[in-house]
Amino acid sequence: MQNGETVLMLAAKEGHRALVELLLDQPKANINSTDVAKGRTALHYAAAADAAEFVHFLVEKGADVALKDDSEETALHVAAWHGHHETATALVKHGAALDALNHVNKTPREVAIRRGHNALGLLLEPVTQDSYKSRYWYEEMIGSTESEQTPEAS
Numbered sequence: 018m019q020n021g022e023t024v025l026m027l028a029a030k031e032g033h034r035a036l037v038e039l040l041l042d043q044p045k046a047n048i049n050s051t052d053v054a055k056g057r058t059a060l061h062y063a064a065a066a067d068a069a070e071f072v073h074f075l076v077e078k079g080a081d082v083a084l085k086d087d088s089e090e091t092a093l094h095v096a097a098w099h100g101h102h103e104t105a106t107a108l109v110k111h112g113a114a115l116d117a118l119n120h121v122n123k124t125p126r127e128v129a130i131r132r133g134h135n136a137l138g139l140l141l142e143p144v145t146q147d148s149y150k151s152r153y154w155y156e157e158m159i160g161s162t163e164s165e166q167t168p169e170a171s
């Protein structure tokens, strides 16, 4: 182990579910403990490893999707950095904040786009009434224009 990683973090990084279950059964087990080097949790490690199934498992066991590391990054920021669509989707389904800001005031969406993961950036766009309107304005305009130009059937 290096950088203050715990056995739990290493097991999460490698996807060893049985070992994680065994470790979490211990009286002093803390699924949200952080490493010394970066302040990352087992969930951060699972996100970096693109382990979507493991992300679901960790959250079901009590991992907090809102926890930030020393760079103020959530596990969703980590998944976005690496371009891990499935893992990012899992985190969002479990309530990860799309508007969480890291130490340079970037959201997970902005991190994904900056790293060239544009499709993931679209996935991570918060859906509000305004963003919905701007995203679909073209289809709405085409639809209304076509219906206005189409003669009524007699």
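Residues 18 to 171 in the numbering used here are what the sequence shown lists, from first letter to last.
Glycine included, each C-beta is placed from N, C-alpha and C at the ideal position.
What separation, rounded to the nearest whole angstrom, lies between the Cα atoms of Ala35 and Phe74?
Our two residues, Ala35 and Phe74, have alpha carbons roughly 11 Å apart in a direct line.
Could you tell me the distance, in whole angstroms, from the CA atom of Asp86 to the CA atom of Ala64?
About 13 Å.
Tell me whether Pro125 is buried or exposed, calling it buried when 16 or more other Cβ atoms sit within 10 Å of its Cβ.
Under this definition Pro125 is a buried residue.
With burial defined as no fewer than 16 other Cβ atoms inside 10 Å of the residue's Cβ, what is the status of Glu77: buried or exposed?
In summary, Glu77 is exposed, with fewer than 16 beta-carbon neighbours lying within 10 Å of its beta-carbon over all protein chains present.
Selection from Asp67, Val72, Ala59 and Ala96 that minimises the alpha carbon distance to Glu127:
Here the closest residue by C-alpha is Ala96.
Quick one: what does DSSP say Thr23 is sitting in, helix, strand or coil?
The answer is coil: DSSP assigns Thr23 none of H, G, I, E or B.
Whole angstroms are fine: how far does the CA of Leu118 sit from the CA of Gly21?
Going by C-alpha positions, Gly21 is about 25 Å away from Leu118.
Tell me the rounded alpha-carbon separation between Gly32 and Asp67.
Rounded to whole angstroms, the gap between the alpha carbons of Gly32 and Asp67 is 10 Å.
Out of Ala54, Arg132 and Leu25, state which residue places its alpha-carbon closest to the alpha-carbon of Lys45.
Nearest C-alpha to Lys45: Leu25.
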